[in-house]
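To keep things clear, I will list the structure first and then write my remarks on it.
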Amino acid sequence: MPLPDPHVFMRDVARRLPDLNSRTEIEPVLDDLEYLFEVMPPEMQDPAYQLIDQLRAKLEAAGS
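Residue numbers (the numbering used here): 181 to 244.
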């Protein structure tokens, strides 16, 4: 399976972020972003960190 384009994926995550509210919605997106983070160019990692932090905060707020 080819990796998604990091720019497109991050833009999609940022667009969907307000609508992600439950653990079942947030966890797969966070997992995919963390996986993609490992192979993305260094100049994209700071914006990715920001999205990861926002997703983790939403995940914490969603509880269990």
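The beta-carbon is built from N, C-alpha and C at its ideal position, and this holds for glycine as well.
Comparing alpha carbon positions, the residue from D199, A241, L210 closest to Q230 is L210.
Counting of Cβ neighbours within 10 angstroms places V193 among the buried residues, the total reaching 16 or more.
Sixteen is the threshold: when 16 or more other Cβ atoms of the shown chains lie within 10 Å of the Cβ of L213, as they do, the residue is buried. Between E240 and D233, the alpha-carbon positions lie close to 10 Å from each other. As the crow flies, the alpha-carbon of R196 is around 18 Å from that of Y215.
Under the 10 Å beta carbon count, L235 is surrounded by 16 or more other beta carbons and is classified as buried.
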